[in-house]
Amino acid sequence: ETGVTQSPTHLIKTRGQQVTLRCSSQSGHNTVSWYQQALGQGPQFIFQYYREEENGRGNFPPRFSGLQFPNYSSELNVNALELDDSALYLCASSFWQASSYEQYFGPGTRLTVT
Amino acid sequence: DQQVKQNSPSLSVQEGRISILNCDYTNSMFDYFLWYKKYPAEGPTFLISISSIKDKNEDGRFTVFLNKSAKHLSLHIVPSQPGDSAVYFCAASEGVNQFYFGTGTSLTVIP
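Take a look at the structure:
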């Protein structure tokens, strides 16, 4: 069974640029959630995708957007990068059902905005 | 607004003793609570969970207690082992599609 993978591992971007982060879900999972973890903080929910549709969103501006593909892999796109976007970005996959709360996290992508 | 709080950034415990990690929340609508463990350079790993209809859930050395009236949950690890040294996050949700995490407690188990 393949776990959740994310790419790239590290990324350095300049303020104002755009970035795309990628995530491959664990086999059999149909739901993916993205989180932002700033230094010294817990993960903050960005949004969740289920069957290629956004299924919930946290308190993040529209310049944070996502996609989920038919094979359940996912992308997180961030436009007009700001210095405060520097963080660890985590994706987590799960199998959506009413009683399923367990998520499996990838190792994260460390984004640095300069 | 931090809906889930872990007020102890760090905790040190002797090997073999009990580790107690605490978590408080503010939203009474939360119906599911989870604990995650995180090692450096890895994503959080699910450890144990509890539904709001229960007040205790046990899995081996790990037990989670939920006190709904106090909006408080705790994770007990007995006996603590050096391999338990990690950052522990509690998380809460209302439904399955949005989870709120605390800021984490770094546990060090001293051999």
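Protein chains in written order, with the working numbering: chain U, 1 to 114; chain G, 115 to 225.
Using N, Cα and C, we set each Cβ at its ideal position, and we do this for glycine too.
In the DSSP assignment, what are the bridge partners of Val223 (chain G)?
Residue numbering aside, residue 223 (chain G) sits at position 109 when the second sequence is read from its first letter. Note: Val223 (chain G) sits in a beta bridge opposite G:Val127.
For the candidate residues U:Gln36, U:Glu75, U:Gly42, whose alpha-carbon lies nearest to that of Phe60 (chain U)?
Here residue 60 (chain U) corresponds to residue number 60 of the first sequence, with the count starting at 1. It is U:Gln36.
Would you say Leu83 (chain U) lies against chain G (beta-carbon separation less than 8 Å)?
Here residue 83 (chain U) is taken as the residue at index 83 of the first sequence, counted from 1. No, Leu83 (chain U) lies away from the interface with chain G (no Cβ there is under 8 Å from its Cβ).
C-beta neighbour in chain U for Asn211 (chain G), strict 8 Å
Within the second sequence, numbered from 1, the residue matching residue 211 (chain G) stands at position 97. Yes, because at least one Cβ of chain U sits closer than 8 Å to the Cβ of Asn211 (chain G).
The stretch 175-194 of chain G in contact with the stretch 117-125 of chain G per 3-pair CB rule at 8 Å
No: fewer than three Cβ pairs fall under 8 Å.
Buried or exposed, going by whether 16 or more other CB atoms sit within 10 Å of the CB of Asp84 (chain U)?
Working through the first sequence from its first residue, we reach residue 84 (chain U) at position 84. Asp84 (chain U) comes out exposed.
What residues of chain G sit near Gly40 (chain U), judged by a beta carbon separation below 9 Å?
Taking the first sequence and counting its residues from 1, one reaches residue 40 (chain U) at position 40. In chain order: Pro123, Thr217, Gly218.
Would you verify that the beta carbon of Phe64 (chain U) is, or is not, closer than 8 Å to some beta carbon of chain G?
In the first sequence, the residue the question calls residue 64 (chain U) occupies position 64. Closer than 8 Å: no.
Could you name the residues of chain G that Glu102 (chain U) contacts, counting a contact when the two beta carbons are closer than 9 Å?
Within the first sequence, numbered from 1, the residue matching residue 102 (chain U) stands at position 102. In chain order: Leu148, Phe160, Ser163.
Can you find a CB in chain G that lies within less than 8 Å of the CB of Phe28 (chain U)?
Here the question's residue 28 (chain U) lines up with position 28 in the first sequence. According to the sequence as given, residue 28 (chain U) is Gly; it is not Phe. Output row for Gly28 (chain U): interface = no.
Any C-beta of chain U under 8 Å from that of Gly157 (chain G)
Looking up residue 157 (chain G) in the second sequence gives position 43. At least one chain U Cβ lies under 8 Å of Gly157 (chain G).
Taking the alpha carbon of Gln48 (chain U) as the reference point, which residue from U:Gly28, U:Ser7, U:Tyr72, U:Asn79 has its own alpha carbon closest?
The residue given as residue 48 (chain U) occupies position 48 in the first sequence. For the residues U:Gly28, U:Ser7, U:Tyr72, U:Asn79, the minimum Cα distance to Gln48 (chain U) belongs to U:Tyr72.
Under 8 Å, with one C-beta from each stretch per pair, do the stretch 189-203 of chain G and the stretch 147-163 of chain G reach the 3-pair mark?
yes
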